[in-house]
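Visitor: If you scroll down you'll find the structure; I have some questions about it.
Given below as structure tokens:
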């Protein structure tokens, strides 16, 4: 397993630099980590536990970078030309890294819907306290999906009724 870990980093990547810094002490630290686990005082380190330890260390090391990347991506995120449910699914992947309340997340998500879709969603959900939106975000997304579908249908119908079509 250790040999495979040594082969994993892409040359010149941040991962390679991190791996080079930790590889000499990796087995000793992984063994200490394993033996510190409840009921594992005399345990022998095997490949899968080494991999588990290493993945945990990678996650801790690169977490701040990941948070910054996710926050940047989220800041640019809007529905654009994507189905509202797909837009929600993507937004939810960023949520654990944002450090915002559920209410703020739901409000941001609704505000970044297509303008017409947003107006239709707010015509119904604007009468519900925003603090309740996150708990009903999937219902809101379904309504947004219907509004978006109706909007696309109306646009297609308008094109097909033009002379020459």
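Numbering (the UniProt record's numbering), first residue to last: 1 to 165.
Glycine included, every Cβ here is placed at the ideal spot set by N, Cα and C.
All figures in this text were calculated on a predicted structure; none of them were measured in a lab.
1. If I'm right that residue 41 touches residue 148 with Cβ under 8 Å, what's the distance once you round it to whole angstroms?
2. Answer yes if the stretch 138 to 146 comes into contact with the stretch 73 to 89, meaning at least three C-beta pairs across the two stretches below 8 Å, and no otherwise.
3. Tell me which same chain residues have a C-beta within less than 8 Å of the C-beta of residue 98, skipping the five on either side of it?
4. Starting from residue 62, follow the alpha helix (DSSP H) in both directions and report where the run begins and ends.
5. I believe residue 134 touches residue 103 by the beta-carbon criterion, under 8 Å. Please report the beta-carbon distance rounded to the nearest angstrom.
6. Taking the beta carbon of residue 79 as the centre, do at least 16 other beta carbons fall within 10 Å, making it buried, or is it exposed?
7. Could you check which residue in 66, 67, 94, 65 has the C-alpha nearest to that of residue 77?
8. Which stretch, first to last residue, makes up the alpha helix (DSSP H) that contains residue 149?
9. Starting from residue 87, trace the alpha helix (DSSP H) in both directions and tell me its first and last residue.
10. Can you tell me where the alpha helix (DSSP H) holding residue 108 begins and where it ends?
Guide: In terms of the structure at hand:
1. Not quite, the Cβ-Cβ distance comes to about 58 Å (not below 8 Å), so this is no contact.
2. The stretch 138 to 146 and the stretch 73 to 89 touch, with three or more beta-carbon pairs separated by less than 8 Å.
3. 70, 71, 74, 105
4. 47 to 76
5. Contact between residue 134 and residue 103 is confirmed by a C-beta separation of about 6 Å, below the 8 Å threshold.
6. buried
7. 94
8. 137 to 160
9. 84 to 94
10. 102 to 111
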